[in-house]
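All the letters of the sequence shown, read from the start, carry residue numbers 1 to 474 under UniProt numbering.
Structure first, then comments.
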Amino acid sequence: MEAQAAARLELSEQEMREYGYQVVDAIVAHHLNQHKEKPVAQASREEMDSLLREDVPEDATSVDDVFNTVMEKVMPYTNIMSHPKFYSFVPGPSNYVSAMADALATGFNVFSGGWAASPAAAELEIVTINWLLNLYGFPKKRGGGIFTSGGSMANLTALITARNIKCGDDFSKAVIYLSDQAHSSNIKAIRVMGFRKEQIRLIPTDMEFKFAINKLKNAINKDRLEGWKPFCLLASAGTTNTGTVDQLTELSEIAKKEDLWFHIDGAYGGAAILSKNGKQLLKGVEKADSLTVDPHKWFYQPYEMGCLLVRNHKWLSGTFTEVPEYLKDVEGNKSEINFYDHGIQLTRRFRALKFYMSVKTFGLNAFRQAVQYNFDLCEKVESILRKSAKWEVVSPATLAVINFRYHPINQNLSEKELDELNSKISERVVNSREAMLVTTVLNGQIVLRMCLINPRTTLADVEETIALCEKMAE
């Protein structure tokens, strides 16, 4: 690399091509061979410091040396979220076409904030948002939305919009209702917005981990009598713990009667609408004022990509539009959407490209088949566990999530012993690095939780993992 070129932060044409081929080859190899690797990465801060800590380099290092350092010392120390045996949290199956689309968007450094900077980027976001509006039964003409970094930012954007529409500037008495199974990102969003703890109502759930409807109604009535202003009801379409979908139709009727904003957090389960099973479970989702879905989960996109849909696009522009002097010349006409006026970010990645390219390449029917496969796989796993004398299903297969615990019927183990045993199974499985399978707590019991949204996870993968758990238990 010549010094003059380095000062311009440039490589030669030949260097760029060779470097690009190296990167693409590495990504292809990862996609082809990841199932042969261990999905879990483990290292202490001390170990990582010894590998990577250094003073800032003043002088250039060859591009090959830097690449080799990353491949040898960085990538092996990251969990493989798209591995067939990565079952915990919400896996990130991703797909190669979308990864390459991200490379294009980043390589061309597309600014996806306003129409004037990239009409094509704005148009593709309009097109793909319209695909999703249609999928969820939202109004085609009035409806709108925006791609965000993830579900956390989508939920925050939705709740800020709800507060603006329902409360205006004074939200000192505003109250929001959500269940005790709602995702933590919603609590974080509510606190970021400046709400106090006493303005948050966590409603208990029933034995199926759904909203306790009577307790919700009682809470709303009590708050009104005490001078509070109920303004928002937040339902879950696929809780992280169990995959449970709240009673969306019934909750929408309560929200309408009580004049509450109805937000549905479908960050995990929203994509289930692609399958025949999921469409039935998500009945009522079209009644939401706002809906969060996360394409980087069950729509198989790479991180980062969340999405917020709303029934009326003017709710977003009315909440977030700010026109400083330096943007007045690029505001355009009303049909030319500036997405920085529909959300929090001004500078935005071109997120729509990966969704567009992957759906165009594979076709939506392929995504439908993949989601249905996940449903079927989880139900097969439940059947296997129920027929075993060693396992107890605590929460059945729901939106490709199942919770179970090791509980052999020929041993009279106490609840404390069962909790310790299942914690130990998880710990040893993870430490073996053969699979990522961690615990959660349901009804006071420590259970193993398996999320099966990877279309490349086979029944054999799961059976091998269950056998590994049994080996660890014994």
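Each residue gets a CB set at the ideal place from its N, CA and C atoms; glycine is no exception.
Taking Cβ to Cβ, would you say LEU282 is nearer than 9 Å to ALA237?
Taking the first residue of the sequence shown as position 1, residue 282 is located at position 282. Taking the first residue of the sequence shown as position 1, residue 237 is located at position 237. Yes, Cβ-Cβ distance for LEU282 and ALA237 is below 9 Å.
Within a Cβ cutoff of 6 Å, which residues of the same chain sit near GLY284, ignoring the five residues on either side of it in sequence?
The residue you call residue 284 lines up with position 284 of the sequence shown. For GLY284, where only same-chain residues beyond five positions count, the Cβ hits under 6 Å are LEU248, THR249, SER252.
Would you decide whether THR319 is buried or exposed? Buried here means 16 or more other CB atoms lie within 10 Å of its CB.
Here the question's residue 319 lines up with position 319 in the sequence shown. Buried is the call here.
Rounded to a whole number of angstroms, what is the C-alpha to C-alpha distance between residue 475 and TRP228?
No answer is possible for residue 475: the residues shown for the chain start at 1 and end at 474.
Name the two residues that bound the continuous alpha helix (DSSP H) containing ALA158.
Translated into positions along the sequence shown, residue 158 becomes position 158. Looking at the DSSP string, the run of the alpha helix (DSSP H) that includes ALA158 is 151–167.
Assign GLY168 to buried or exposed, taking buried as 16 or more other Cβ atoms, counted over all protein chains shown, within 10 Å of its Cβ.
Position 168 of the sequence shown holds residue 168. GLY168 is exposed by the Cβ-count criterion.
Start and end of the beta strand (DSSP E) containing MET75?
Translated into positions along the sequence shown, residue 75 becomes position 75. Per DSSP, MET75 belongs to no beta strand (DSSP E) and is neither H nor E.
DSSP three-state call for TRP404: helix, strand or coil?
Here residue 404 corresponds to residue number 404 of the sequence shown, with the count starting at 1. A small correction: the amino acid at residue 404 is Phe; Trp does not occupy that position in the sequence shown. If DSSP states are grouped into helix, strand and coil, PHE404 belongs with the strands.
Name the residue from TYR300, ILE409, PRO408 whose alpha carbon lies nearest to the alpha carbon of ARG456.
The residue labelled residue 456 in the question sits at position 456 within the sequence shown. Nearest of TYR300, ILE409, PRO408 to ARG456, Cα basis: TYR300.
In its own chain, which residues sit with a C-beta less than 6 Å from the C-beta of ASN321, not counting the 5 before and 5 after it?
Position 321 of the sequence shown holds residue 321. This sequence places Thr at residue 321; Asn is not what is there. Closer than 6 Å at the Cβ level, and outside the excluded window around THR321, lie ASP341.
With 16 as the cutoff for other CB atoms within 10 Å, does THR78 come out buried or exposed?
As a first step, residue 78 is located in the sequence shown; it is residue number 78 there, counting from the start. Exposed: under 16 other Cβ atoms inside 10 Å.
Go through the region 170–206 residue by residue and report every complete run of the alpha helix (DSSP H) that reaches 4 residues or more, in order.
DSSP runs (the alpha helix (DSSP H)) wholly in the region 170–206: 184–192.
Only counting the same chain, and skipping five residues up and downstream in sequence, which positions put a Cβ closer than 8 Å to that of ASN134?
In the sequence shown, residue 134 corresponds to position 134, counting from 1. The answer, listed in chain order, is LYS140.
Would you please state the rounded distance, in angstroms, between the beta carbons of SER290 and THR148? I believe it to be under 8 Å.
Here residue 290 corresponds to residue number 290 of the sequence shown, with the count starting at 1. Here residue 148 corresponds to residue number 148 of the sequence shown, with the count starting at 1. Contact flag wrong, Cβ pair sits at about 12 Å.
Roughly how many whole angstroms lie between the Cα atoms of PRO39 and SER62?
As a working note, residue 39 is residue 39 in the sequence shown. As a working note, residue 62 is residue 62 in the sequence shown. Those two C-alpha atoms are separated by around 30 Å.
Quick check on ARG17: buried or exposed, where buried means 16 or more other Cβ atoms within 10 Å of its Cβ?
Numbered from its first residue, the sequence shown carries residue 17 at position 17. It is exposed - the Cβ of ARG17 has fewer than 16 other Cβ atoms within 10 Å.
Apart from the five residues just before and just after PHE231, which ones in its own chain have a Cβ nearer than 8 Å to its Cβ?
Taking the first residue of the sequence shown as 1, we reach residue 231 at position 231. The answer, listed in chain order, is ALA162, ARG163, LYS166, CYS167, PHE171, ALA174, VAL175, ILE176, LEU260, TRP261.
Using 8 Å as the cut-off, can you tell me whether the region 47–57 makes contact with the region 73–92, which would need three or more C-beta pairs spanning the two stretches below that distance?
Touching, yes, given that three or more Cβ pairs across the two stretches are closer than 8 Å.
Spell out the partners DSSP gives ARG440 in its beta bridges.
Looking up residue 440 in the sequence shown gives position 440. The sequence given here places Thr at residue 440; Arg does not occur at that position. VAL447.
What is the DSSP secondary structure of PRO57, counted as helix, strand or coil?
What you label residue 57 is simply residue 57 of the sequence shown in a count that begins at 1. Coil, per DSSP.
Going by CA-CA distance only, name the one from THR69, TYR356, LEU9, ILE200 that's closest to ALA121.
For the purposes of this step, residue 121 is taken as the residue at position 121 of the sequence shown. When each option's Cα is compared against that of ALA121, the closest is TYR356.
Does THR292 come out as helix, strand or coil in the three-state DSSP assignment?
For this step, residue 292 is matched to residue 292 along the sequence shown. Strand, per DSSP.
Whose CA, out of GLY151, TRP315, ARG349, ASN443, lies closest to the CA of GLY269?
Residue numbering aside, residue 269 sits at position 269 when the sequence shown is read from its first letter. The option with the nearest alpha carbon to GLY269 is GLY151.
Do you know how far the Cα of LEU132 is from the Cα of TYR19?
Along the sequence shown, read from residue 1 onward, the residue named residue 19 stands at position 19. Along the sequence shown, read from residue 1 onward, the residue named residue 132 stands at position 132. Cα to Cα, the separation comes out at about 37 Å.
Where ALA467 and VAL430 are concerned, what is the direct C-alpha to C-alpha distance, given to the nearest angstrom?
Indexing the sequence shown from 1 puts residue 467 at position 467. Indexing the sequence shown from 1 puts residue 430 at position 430. One C-alpha to the other measures close to 14 Å.
In terms of residue numbering, what span does the beta strand (DSSP E) encompassing residue 483 cover?
The structure shown does not extend to residue 483, since the chain spans only 1 to 474, so no value can be given for it.
How far does the beta strand (DSSP E) with TRP391 in it extend, from its first residue to its last?
Here the question's residue 391 lines up with position 391 in the sequence shown. Unbroken beta strand (DSSP E) run through TRP391: 391–398.
Just curious, the alpha helix (DSSP H) that LEU385 is in, first and last residue?
Here the question's residue 385 lines up with position 385 in the sequence shown. Unbroken alpha helix (DSSP H) run through LEU385: 364–386.
Anyone know if the C-beta pair for ILE264 and THR292 falls short of 9 Å?
Counted from its first residue, the sequence shown places residue 264 at position 264. Counted from its first residue, the sequence shown places residue 292 at position 292. Going by C-beta atoms, ILE264 is nearer than 9 Å to THR292.
For MET207, is the classification buried or exposed, using 16 other Cβ atoms within 10 angstroms of its Cβ as the cut-off for buried?
Residue mapping note: residue 207 aligns to position 207 of the sequence shown, counting from 1. The residue is exposed, with fewer than 16 neighbouring Cβ atoms inside 10 Å.
Note down the Cα distance separating ALA117 from LEU9, rounded to an integer number of angstroms.
On the sequence shown, position 117 is the one that residue 117 refers to. On the sequence shown, position 9 is the one that residue 9 refers to. Their Cα atoms are separated by approximately 23 Å.
Could you tell me whether the Cβ atoms of ARG433 and GLN42 are closer together than 9 Å?
As a first step, residue 433 is located in the sequence shown; it is residue number 433 there, counting from the start. As a first step, residue 42 is located in the sequence shown; it is residue number 42 there, counting from the start. Yes, these two residues count as a Cβ contact at 9 Å.
Sorted by chain position, which residues of the same chain lie with C-beta nearer than 6 Å to LYS424's C-beta, five sequence neighbours on each side aside?
On the sequence shown, position 424 is the one that residue 424 refers to. Contacts found: none.
In the DSSP output, which residue or residues are listed as bridge partners for LEU233?
Here residue 233 is taken as the residue at index 233 of the sequence shown, counted from 1. According to DSSP, which records beta bridges pairwise, LEU233 is partnered with TYR177, PHE262.
Out of GLN22, LEU32, GLU58, point me to the one whose CA is closest to ALA7's CA.
By 1-based counting over the sequence shown, the position of residue 7 is 7. The candidate whose alpha carbon is nearest that of ALA7 is GLU58.
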